[in-house]
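Engineer:
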Amino acid sequence: MSTMEAKSTPSKALIILLGAIGDVTRALPMAVRLKHFWPTTELHWAVEPISHSLLVGHPAIDKLHVFDRPRGLRAYAAFLRELRAERFELVLDMQRHLKSGFSSFMTAAPRRVSFHRQNSREGNWLFNTEMAAPSDHYSSKVAQFQRFGDALGLPPLEPLEFGLQPTAAERDVFERELATRCAAAGIPVPPPERRVGFILGSTWESRFWKTSHYRLLAEQLAKRYGFTVLLLGGKAERTFADELLSLRPEAPLVDFVSATTLRGLVGVFAGSRLAIGSDSGPMHIAAASGCPVISLWGSTSPLRSAPFGNENLVLQSPIGCSPCYRKRCPGLDTLCMQDIPWQAVLAQVSRVVSGA
8 MSTMEAKSTP SKALIILLGA IGDVTRALPM AVRLKHFWPT TELHWAVEPI SHSLLVGHPA
68 IDKLHVFDRP RGLRAYAAFL RELRAERFEL VLDMQRHLKS GFSSFMTAAP RRVSFHRQNS
128 REGNWLFNTE MAAPSDHYSS KVAQFQRFGD ALGLPPLEPL EFGLQPTAAE RDVFERELAT
188 RCAAAGIPVP PPERRVGFIL GSTWESRFWK TSHYRLLAEQ LAKRYGFTVL LLGGKAERTF
248 ADELLSLRPE APLVDFVSAT TLRGLVGVFA GSRLAIGSDS GPMHIAAASG CPVISLWGST
308 SPLRSAPFGN ENLVLQSPIG CSPCYRKRCP GLDTLCMQDI PWQAVLAQVS RVVSGA
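The structure is reproduced here in structure tokens:
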């Protein structure tokens, strides 16, 4: 199994990348590239509910297939039948795990491309007919996904495009919601150039930045630059946001936690000056939407996962054991992330604002 030259354009192709929001976001340029050079190909995407809303209406994707994981084996069997009935000519298995490999195999597509065996897990590559070229483990995930286009013989598409532009209607929805929430908070609606998104929390506890740091940063952003802070996150970040609000920072804060879908975040970030937060899916949505992102890193590595185009705005913990890739710190409590001072973040904000 090896990379192969481009064959005839497939009439129907499938991308399998089911779960993580950040991975799905960073794979979008591969979908755009395929659709750009093969515009007649009907492109489908297999995804789980967590990332589904981000892909709805995407210009490169013709159809979505949703695997509702919580419903278990019965849902998985129905999902496999649905995929097989499509009679795909090409499958790009961009998940690299056993489940995606088996799903790819069960489509019965004659051409199925996986990550190289050195980048695969759980024997994933054995279920497919070809492999993309190998990638360094710490290379950018965006670049790793682009290997699939190389394997298909597609020319590079430069600059890379994510296809995440909000519609006029989506912008209007965000602006109206912002006006409502600003009124509730008793603050004026800030213009786009005076909005900064705080991406609170992450799926890993070890990635959390201290609420007191966010408070001090918010106060300085308001004092020095006149910024209004939008608090962003899902249900899991509700407690974190409430803790920050309870500190009563001397800065205008607008609570947007659980107020929008993933797709809705595109409008939020497209209408903001910058975003700040730790390693998370929304961080990648912000970058893909063209919003500058200042990212904070502790247990994971920015070499692999820095928000695309914002590698120069990365702040890595100075702790010697970083990155450890542990969901919970094994002994330093939250010291790892807390060793990133708010003053360092403020210095990065200055770079963005000044255009340096």
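Under this note's numbering, the letters of the sequence shown match residues 8 to 363, in that order.
For glycine and all other residues, C-beta sits at the position ideal for the given N, C-alpha and C.
(1) Is Q153 helix, strand or coil when you go by DSSP?
(2) Please report the distance separating the alpha-carbon of G160 from that of T48.
(3) For E12, does the count of other Cβ atoms within 10 angstroms reach 16, so buried, or fall short, so exposed?
(4) If you drop the 5 nearest sequence neighbours on each side, which residues of the same chain put their C-beta closer than 6 Å to that of F234?
(5) Of the residues P36, T32, D30, R333, which one's Cα is nearest the Cα of Q153?
(6) Going by the CB atoms, is the gap between H65 and A53 shorter than 8 Å?
(7) What is the DSSP secondary structure of K334, reduced to helix, strand or coil?
(8) If you drop the 5 nearest sequence neighbours on each side, which residues of the same chain put their C-beta closer than 7 Å to that of R124?
(9) Would you say G241 and I206 are within 8 Å of each other, going by their C-beta atoms?
(10) Indicate the three-state DSSP secondary structure (helix, strand or coil) for H51 in the structure shown.
(11) Could you pull the DSSP bridge partners for A186 from this structure?
(12) On the CB-based measure, 16 or more other CB atoms within 10 Å of its CB, does H144 come out buried or exposed?
(13) Would you call the segment 96-111 and the segment 17-27 touching, i.e. three or more CB-CB distances under 8 Å?
(14) I283: which of E96, L252, C298 sits nearest, CA to CA?
(15) Evaluate the contact criterion for the segment 272-281 versus the segment 289-308: three or more CB pairs, one atom per stretch, below 8 Å.
(16) Using alpha carbons as the reference points, say which of H104, A150, H59, V275 lies closest to A176.
(17) For Q345, which of helix, strand or coil comes out of DSSP?
(18) Can you confirm whether R103, when its beta carbon is compared against all beta carbons of chain B, has any partner nearer than 8 Å?
(19) Just how far apart, CA to CA, sit M8 and I28?
(20) How long is the line joining the alpha carbons of G34 and A313, rounded to whole angstroms?
(21) Any idea if Q451 is buried or exposed, counting beta-carbon neighbours within 10 angstroms, 16 or more meaning buried?
(22) When you compare each of P199, R311, L167, P289 to S60 by their alpha carbons, which one comes out closest?
(23) Relative to the alpha-carbon of A266, which residue among K148, R188, C336 has its alpha-carbon at the smallest distance?
(24) Would you mind giving the Cβ-Cβ distance between P330 and S306, rounded to the nearest angstrom? I have them listed as a contact below 8 Å.
(25) Can you pull the DSSP bridge partners for V73?
(26) For the alpha helix (DSSP H) containing V196, list its first residue and its last residue.
(27) Find out if the Cβ-Cβ distance for the pair S147, K334 is shorter than 8 Å.
(28) For I326, does the three-state DSSP call read helix, strand or coil?
(29) S361: buried (16+ other C-beta within 10 angstroms of its C-beta) or exposed?
Structural biologist: Straight from the coordinates:
(1) Three-state DSSP puts Q153 in a helix.
(2) About 15 Å.
(3) Only weak support exists for where E12 lies, its pLDDT of 41 falling under 50; the value from the coordinates is given anyway. That one is exposed.
(4) Listed in chain order, the non-local C-beta contacts of F234 below 6 Å within the same chain comprise R201, V203, L228, local neighbours out to five positions each way being set aside.
(5) Answer by Cα proximity: P36.
(6) In this structure, H65 does not lie closer than 8 Å to A53 by Cβ.
(7) DSSP places K334 in coil when its eight states are reduced to three.
(8) Hits under 7 Å: W132, M138.
(9) At a Cβ-Cβ threshold of 8 Å, G241 and I206 do not count as neighbours.
(10) H51 falls in the strand class under three-state DSSP.
(11) Per DSSP, none; premise fails for A186.
(12) Per the 10 Å Cβ criterion, exposed.
(13) Result yes; three or more Cβ-Cβ pairs closer than 8 Å.
(14) Ranking the options by Cα distance to I283, first place goes to C298.
(15) Output reads yes: the segment 289-308 touches the segment 272-281.
(16) If we check each option's Cα against that of A176, V275 comes out closest.
(17) Correct three-state label for Q345: helix.
(18) Absent here is chain B; the protein component of the structure consists of one chain.
(19) For M8, the pLDDT reaches just 36, beneath the cut-off of 50, and the residue's location in the model is therefore unreliable, although a value from the coordinates is still provided. Taking the straight line from one Cα to the other gives about 30 Å.
(20) The identity of residue 34 in the sequence shown is Ala, whereas the question assumes Gly. When rounded, the distance between both Cα atoms is 14 Å.
(21) The requested residue 451 is not part of the displayed model; the chain covers only 8 to 363.
(22) If we check each option's Cα against that of S60, P289 comes out closest.
(23) Of K148, R188, C336, the smallest CA-CA separation from A266 is found for R188.
(24) The Cβ separation is near 6 Å, so the contact holds.
(25) Answer is V54.
(26) In this chain, V196 is not harboured by any alpha helix (DSSP H), its DSSP state being neither H nor E.
(27) Cβ atoms of S147 and K334: not closer than 8 Å.
(28) It is coil, neither helix nor strand.
(29) Exposed, because fewer than 16 other Cβ atoms sit within 10 Å of the Cβ of S361.
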